[in-house]
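In numbering that gives the first Met the number 0, the protein residues as written are 0 to 363. Just so it is clear, CB atoms sit at the ideal spot from N, CA and C, and this is done for glycine as well.
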Amino acid sequence: MKISSNRLDRQFQTYREEYLQKIEEVLNSGWYVLGNEVQNFEKEFAQYCGSQYCVGLASGLDALTLAFDVLKIKEGDEVLVPANTYIATVMGITKNRAIPVFVEPDLFYNIDASKIEAAITEKTKAICVVHLYGQIANMPEIMRIAKKHHLKVVEDCAQAHGAHINGKKAGNWGDIGCFSFYPTKNLGGFGDGGAITTENLEIAEEFRMLRNYGSRVTYYFERVGYNSRLDEIQAGLLRVKLKHLDALNEERHRIAERYLEGITNPKIQLPKEAFGKAGHIYHQFVIETEDRDALMTYLKEHDVETKIHYPQPPHLSKAYAELGYHPGDFPITERMADRVLSLPIYNAMTEEEINEVIQVLNQY
Ligand SMILES: Cc1ncc(COP(=O)(O)O)c(C=O)c1O
């Protein structure tokens, strides 16, 4: 039995009729970009996150890029960001010519709140947290520090739709929550898409202006903006999936629990939950091991496909060579990059598939 790292077709099949009906509805409507579906999705997703406002955008990277723009973070300003993240988080900062200041992660792969204050300088304007792999960062502590130092907080929630601490959800802690609806995300669409959440009407209005070429009134332009619009088909399909998101997250949680109970191989380090069980949405189930590449090869030979999130931290990527970092600058992050491996976890994964992954890992 071959087990892929992901099977996006399975969740499509689960809600096939609802999706197809929505596509037909949108095509029949004659309105395809920024219409009723987007408006309704924005309302429903804001409500889901417990936020006042949501603005639909074209991608997660756009959400981040526009967020720092809206917060007036500009050339030379410093933004604290976890050293171990997907590179888009860092690009959102540097697209605004601001400087990313990397902070090492904690045991839960999120920015280590106890290391934030040491990284603050007089140029620091914001903290960009990432809720990596589906687990919220230590937001109570991070918000305390941000308040004390008058820093803005941007949350990268691309991997955390519905993740929470005692019911307070991702995207609802800082000034702006940035979401991606890339197909693999827990709330993934069928193409690119993104959104922000905020409590601040002025911020929401700025995003609405910027996403549409800098226009608030049709054909009158107040700023050089972006084209970052969410289309009606994506918004409609996301509305369908949003209705099932809690069930889909719950299902991932059940798979994670099976792994946590079933994988007993002492060579494998299992992920830890920082704030109890309920709040983690297991976007990824990430294990660590000493000789990661050997384990990955062994799994492949046994028909279990895995992925590495991520093999190279942003500070060592060619894209950021100009920042002048070297191997060894962020040892905790670099060690994780050498050790992490993401196991298959997806909606409608069968009992047989889960058992097979556990068995193959325990025989390693
Ligand atoms: C943590 C994180 N931030 C940002 C992004 C960027 O989102 P997108 O691909 O929609 O631009 C992603 C996913 O790709 C991500 O995983």
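Item: For leucine 244, the three-state DSSP class (helix, strand or coil); Value: helix
Item: Glycine 193 CB to nearest heavy atom of ligand 1 below 7 Å; Value: yes
Item: Limits of the beta strand (DSSP E) - the one that cysteine 48 falls within; Value: Per DSSP, cysteine 48 belongs to no beta strand (DSSP E); it is in the alpha helix (DSSP H), 35-48.
Item: Per DSSP, the bridge partner or partners of phenylalanine 284; Value: Leu342
Item: Contact check, leucine 186 vs leucine 244, beta carbons under 8 Å; Value: yes
Item: Meets three-Cβ-pair contact criterion under 8 Å: the region 45-64 and the region 152-167; Value: yes
Item: Inter-residue Cα distance where the pair is threonine 402 and isoleucine 307; Value: Lying outside 0 to 363, the shown extent of the chain, residue 402 is not represented and no answer is given.
Item: Unbroken alpha helix (DSSP H) run spanning threonine 349, endpoints; Value: First-last for threonine 349: undefined, no H or E at that position.
Item: Reduced DSSP secondary structure (H/G/I, E/B, other) of aspartate 155; Value: strand
Item: For glycine 224, three-class secondary structure by DSSP; Value: coil
Item: Continuous beta strand (DSSP E) assignments of at least 3 residues falling wholly in the region 48-119; Value: 52-56, 77-81 and 98-102
Item: Nearest-angstrom beta carbon gap, histidine 314 and alanine 82 [assumed within contact, 8 Å]; Value: 6 Å
Item: Cβ neighbour criterion (16 or more within 10 Å) applied to valine 216; Value: exposed
Item: Cα-Cα separation, phenylalanine 189 to glutamine 233; Value: 7 Å
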